[in-house]
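Presented below is the structure to which this report refers.
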Amino acid sequence: MNPRLVAASLVLNVFLIGALAGGAGWLIGKSNPGFSLESAGGRLPAADRKIFRQALREVRRESRDVILDGQAARREAANLLQQPTLDSNALAAALERARNADVTVRTRLEQRIIEFAASSSPEDRQLLAEALLRRAGRQPPAKKSP
């Protein structure tokens with residue numbers, strides 16, 4: 001196999017693993033504070049903030065096995081990248097396992113946030129909406145018709 005192709009493949013795969021790890025960090029709420037729906041809970045009034053954070057902690061506790069499986073899959077992918085001969089199929093499977101774990105946890109967190117929002121005041125929902133807008137980037141103002 002061409003050594004340049006192997007090197008390019010390794011660089012690409014390391015980049016993909018980094019992206020997955022960054023996504024996992026976001027899911028766990030450690031990156032971009034103040035710019036995600038989950039971190040918006042920090043702007044809620046104290047009583048609501050406590051309920052919001054408790055609900056998200058509960059999701060993480062319930063999802064512990066899924067989170068650990070995703071971490072194991074990322075370690076497996078990293079190990080596969082360090083092997084002298086790359087097993088592309090095994091690497092793809094490990095990365096898919098990590099991605100599926102991330103999506104599962106994110107889906108559970110979002111569902112719990114939906115449940116929280118459904119029982120929240122309009123003011124609390126406004127705070128959550130503002131966090132979504134910061135994360136997505138605000139739309140430019142609409143052009144006025146002549």
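Under UniProt numbering, the first residue of the sequence shown is numbered 1, with each subsequent residue one higher. Think of the CB as a built atom: it goes at the ideal place given N, C-alpha and C, for glycine as much as any other residue. Fair warning: this is a prediction, and the values are worked out from it, not measured in the lab.
Can residue i and residue j be called in contact, C-beta distance under 8 Å?
i, j, result
"Asn2", "Leu91", "no"
"Val59", "Leu95", "no"
"Leu133", "Leu44", "no"
"Arg74", "Ala98", "yes"
On the premise that residue j lies in contact with residue i, defined as a C-beta separation below 8 Å, what is that separation, rounded to the nearest angstrom?
i, j, result
"Ala131", "Arg125", "Their Cβ separation, rounded to whole angstroms, is 11 Å, which puts Ala131 and Arg125 out of contact at 8 Å."
"Val6", "Leu86", "7 Å"
"Ile114", "Ala77", "No, Ile114 and Ala77 are not in contact; Cβ-Cβ is about 31 Å, not under 8 Å."
In the DSSP assignment, find the alpha helix (DSSP H) that holds residue i and state where it starts and stops.
i, result
"Arg112", "Ser88 to Ala118"
Is there at least one non-hydrogen atom of the ligand ZN closer than 7 Å to the beta-carbon of residue i?
i, result
"Leu132", "No copy of the ligand ZN occurs in the structure displayed, which carries no ligand at all."
contact_flag[the segment 58 to 67, the segment 104 to 113] where n(CB pairs < 8 Å) is 3 or more: These segments touch.
Ordered list of alpha helix (DSSP H) runs contained in the segment 54 to 86, each at least 4 residues: Correct list: 64 to 81.
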